[in-house]
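K.L.:
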Amino acid sequence: MKKTKKKEIVWQGFAGHFIGAKKCLFRLCSAVNSGKYVVSTVGAYQQKDNVVLEDIGLGRKFETMVFRAKKCWCGCGEWVQRDAKNIDMLPANSPKGAKANHMKLCKKWNNIKSGK
Ligand SMILES: [Zn+2]
């Protein structure tokens, strides 16, 4: 598999983390830093139709997490989290805040020099 270009932020279509992600109406996922990290934002968690949006974690409706990345096992070409350990996290309570957090962590981890 070809690595992403240096300093490139690659937008992806699948949710990047969270066991309940398929019930999250809001999902952003990006591979950054040549596919070294995935930045994943999920939120607007709706466990049942027509029910008010629930918190995804303590006191937050949206969260952005960063994980070390690897290529997806299924061959789809997407970058996915290498393990369940998030290395950075920002909470939000609005889509606007969640988007801003996503961009903030994409920029931060795209430009980080050290680490594996
Ligand atoms: Zn896949």
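So that you can map any letter, position 92 of the sequence shown is 92 in the numbering used here, and since no number is skipped, the others follow by simple counting.
Ideal placement from N, C-alpha and C gives every residue a C-beta, glycine not left out.
By how many angstroms is the C-alpha of P91 removed from the C-alpha of T64?
P.N.:
Numbered from 1 along the sequence shown, position 64 holds the residue referred to as residue 64. Numbered from 1 along the sequence shown, position 91 holds the residue referred to as residue 91. When rounded, the distance between both Cα atoms is 6 Å.
K.L.:
Let me check understanding here. Comparing Cα to Cα, which of S94, W11, K23, K104 lies closest to F62?
P.N.:
In the sequence shown, counting from the first residue as 1, residue 62 sits at position 62. The shortest C-alpha separation from F62 is found at S94.
K.L.:
Please report the straight-line C-alpha distance between G49 and C72, rounded to a whole angstrom.
P.N.:
Indexing the sequence shown from 1 puts residue 49 at position 49. Indexing the sequence shown from 1 puts residue 72 at position 72. One point to set straight first is that residue 49 is Asp, not Gly, in the sequence displayed. Roughly 30 Å separates the two Cα atoms.
K.L.:
Hey, out of L25, V42, V38, whose CA is closest to V51's CA?
P.N.:
As a position in the sequence shown, residue 51 is number 51, starting the count at 1. V51 has its Cα closest to that of L25, out of L25, V42, V38.
K.L.:
How about V38: is its Cβ closer than 8 Å to a heavy atom in ligand 1?
P.N.:
Residue 38 sits at position 38 when you count from the first residue of the sequence shown. Flag unset: Cβ of V38 not near ligand 1.
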